[in-house]
Amino acid sequence: MSEQNVQRLPAEQLYQRELEALIAAEKDPIPTGWRMSPRSVLTYIVGGEKVKGVEITPKYMGGRRLVEIAIATLVTDRALLLIGEPGTAKSWLSEHLSAAVNGDSTKVVQGTAGTTEEQIRYSWNYAMLIAKGPCLEAMVKSPVYRAMETGSVARVEEISRCASEVQDALISILSEKRVSVPELGLEVPAQKGFSVIATANTRDKGVNDMSAALKRRFNIVVLPTPSDMATEMEIVRTRVAQLSAGLDLNARQPEEDMVEKVVSIFRELRGGATLDGKQKLKTPSGVLSTAEAISLLANSMALAGSFGDGGVSPEDLAAALQGAVVKDEDKDKVCWKEYLENVMKKRGSDWLPLYKACRELNG
30 MSEQNVQRLP
40 AEQLYQRELE
50 ALIAAEKDPI
60 PTGWRMSPRS
70 VLTYIVGGEK
80 VKGVEITPKY
90 MGGRRLVEIA
100 IATLVTDRAL
110 LLIGEPGTAK
120 SWLSEHLSAA
130 VNGDSTKVVQ
140 GTAGTTEEQI
150 RYSWNYAMLI
160 AKGPCLEAMV
170 KSPVYRAMET
180 GSVARVEEIS
190 RCASEVQDAL
200 ISILSEKRVS
210 VPELGLEVPA
220 QKGFSVIATA
230 NTRDKGVNDM
240 SAALKRRFNI
250 VVLPTPSDMA
260 TEMEIVRTRV
270 AQLSAGLDLN
280 ARQPEEDMVE
290 KVVSIFRELR
300 GGATLDGKQK
310 LKTPSGVLST
320 AEAISLLANS
330 MALAGSFGDG
340 GVSPEDLAAA
350 LQGAVVKDED
360 KDKVCWKEYL
370 ENVMKKRGSD
380 WLPLYKACRE
390 LNG
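Per my numbering, the very first residue in the sequence shown carries number 30; after that it's consecutive.
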């Protein structure tokens, strides 16, 4: 299958040139099981440098120190837990850390209410199990099991959405650094380099709250929402360009003022006050994260490319904003209407086309 036709390539393929340049230029000690040194992993994540003629693009635009702590954790025998609001790039950072450390970010367990203990340990191909009995060929190894065997990084997404017995299975693996397979009389030890990167959403804290025993097995790094307007705008601009490059949107990148308007609206509704702090606002039920702002602008580009002239118009933006803000028809529609009339309408001629388009859609 051609890579051109793959909807979303893993990070290690998408940024292969950057990873190869960093590996070729390596001068520092490389931990066992890693492809490059911690310093090179940091360069890959924060970017902003040219290595062997290749521009290293920023993958995470946040606190550099947080990234250093995350990388240093993976050098030790402790697992890493990334916690934050939805849309704070937890999964994005987790994927890129795995890609840089091992060149493989695909050993992933997606945490849901339906995730089972077998998805953390191992399961069986039952047709082969009946035919041959318990044997290695009949075993279906989990991503965590394969990571232990190869001394690489496994990812567990949304760990707080997993039931307590699934979380408990992870406790024993992180404590003992081995998997017991009683059916085969096997004890499989983790190879050097094995680690786990888990993510947890602070909005899901009460779903299946992590036990103190599990939390003790992790170094916890809290990823904050972007601290200022300029940082959030830079993240949105960069990610929209990256996202749209892999899609056939047939549209131009949104103008700077469009990006600024979206980020302003999101920051104000998220924070419950206008940017100048002079006016209190009702907050809608949705999160309105940076990730949603990126998705919103990509959707606007899709509308512009499919049904417009390729340039994102106020009408395109209004349609995407309506879907992003109004999640709960009763509560959110009122919040959005008050914002339109009390804030956006009063911002002058520059905001007028967007205000009119939003008002028309909101009824």
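Ideal placement from N, C-alpha and C gives every residue a C-beta, glycine not left out. Just so we're clear, the structure is a prediction, and the values are computed from it rather than from any experiment.
With which residues is residue i paired in a DSSP beta bridge?
i, result
"I112", "A229, V251"
"W153", "M168"
"L8", "As shown, the chain starts at 30 and ends at 392. That puts residue 8 outside it, with no answer to give."
"S224", "V182"
"Q372", "Just to set this straight, residue 372 is Val in the shown sequence, not Gln. V372 pairs with nothing; no bridge assigned."
"A302", "K309"
So is residue i buried or exposed if we call it buried at 16+ other beta carbons inside 10 Å?
i, result
"K244", "exposed"
"M30", "Note on M30: pLDDT 45, under 50, position unreliable in the model; the coordinate value appears next. Answer is exposed; the Cβ neighbour count stays below 16."
"E78", "exposed"
"Q36", "exposed"
"R150", "buried"
"P218", "exposed"
"P253", "exposed"
"G132", "buried"
"Y155", "exposed"
"E216", "exposed"
"G91", "buried"
"N34", "exposed"
"L199", "buried"
"D257", "exposed"
"A333", "buried"
"S335", "exposed"
"D57", "exposed"
"L38", "exposed"
"E284", "exposed"
"R15", "This structure cannot speak to residue 15, because the chain is shown only from 30 to 392."
"E367", "exposed"
Could you name the residues of the same chain whose beta carbon sits closer than 8 Å to that of residue i, not counting the 5 residues immediately before and after it, in chain order?
i, result
"R46", "V83"
"N237", "S189, R190, C191, A192, S193, Q196"
"V104", "P60, P67"
"I85", "E47, A50, L51, T72, Y73, G76, G77, E78, K79"
Please list, in chain order, all residues of the same chain as residue i whose beta carbon is under 7 Å from its beta carbon, the five residues on each side excluded.
i, result
"L203", "A108, V225, R246"
"A140", "For the record, residue 140 in the displayed sequence is Gly; it is not Ala. Same-chain partners within the cutoff: V185, E186, E187, I188, R190, C191."
"T102", "L109, N248"
"M65", "L51, I52, E55, I59, A129"
"T145", "V195"
"M287", "V341, L346"
"S127", "D133, S134, V182, R184, I226"
"A176", "K136, V182, A183, F223"
"A167", "W153, N154, M157, L158, K161"
"K374", "Y384"
"E321", "G116, A353"
Leaving out the 5 sequence neighbours to the left and right, which residues in its chain are closer than 6 Å to residue i when beta-carbon positions are compared?
i, result
"E49", "none"
"G180", "G62, Q220, K221, G222, F223"
Cβ of residue i less than 8 Å from any chain D Cβ?
i, result
"Q308", "Although the question refers to chain D, the structure presented lacks it and comprises just one protein chain."
Exercise for review: Take every Cβ of the stretch 265-277, pair it with every Cβ of the stretch 296-314, and state whether three or more of those distances are shorter than 8 Å.
Suggested key: Verdict: no, contact absent.
Can you confirm whether the stretch 382-390 touches the stretch 342-349 when touching is taken to mean that 3 or more C-beta pairs between the two stretches lie within less than 8 Å?
As far as the Cβ criterion goes, the stretch 342-349 touches the stretch 382-390, which means the pair count is three or higher.
- [ ] Evaluate contact between the stretch 102-120 and the stretch 222-231, counting only Cβ atoms and requiring at least three cross-stretch pairs below 8 Å.
- [x] Enough Cβ pairs lie closer than 8 Å, so yes.
| 3-residue-minimum beta strand (DSSP E) runs that sit fully inside the stretch 124-154, ordered along the chain | Complete beta strand (DSSP E) runs here, min 3: 137-139, 151-153.
#### Entry: Inter-stretch contact (C-beta, 8 Å, three-pair minimum) for the stretch 117-126 and the stretch 83-99
With the cut-off at 8 Å, the stretch 117-126 and the stretch 83-99 touch.
*At a cut of 8 Å, does the stretch 319-332 reach the stretch 347-362 through at least three beta carbon pairs?*
Between the stretch 319-332 and the stretch 347-362, the count of Cβ pairs shorter than 8 Å is three or higher; the stretches touch.
### Query
Mind pulling the beta strand (DSSP E) runs of 3 or more residues that sit fully within the stretch 43-122?
Listed in chain order, they are 78-80, 83-85, 108-113.
Practice problem: Any chance you could list the alpha helix (DSSP H) runs of at least 4 consecutive residues sitting entirely within the stretch 324-391, in chain order? | Solution: Entirely contained in the stretch 324-391, the alpha helix (DSSP H) runs reaching 4 residues are, in chain order, 343-354, 358-371, 381-391.
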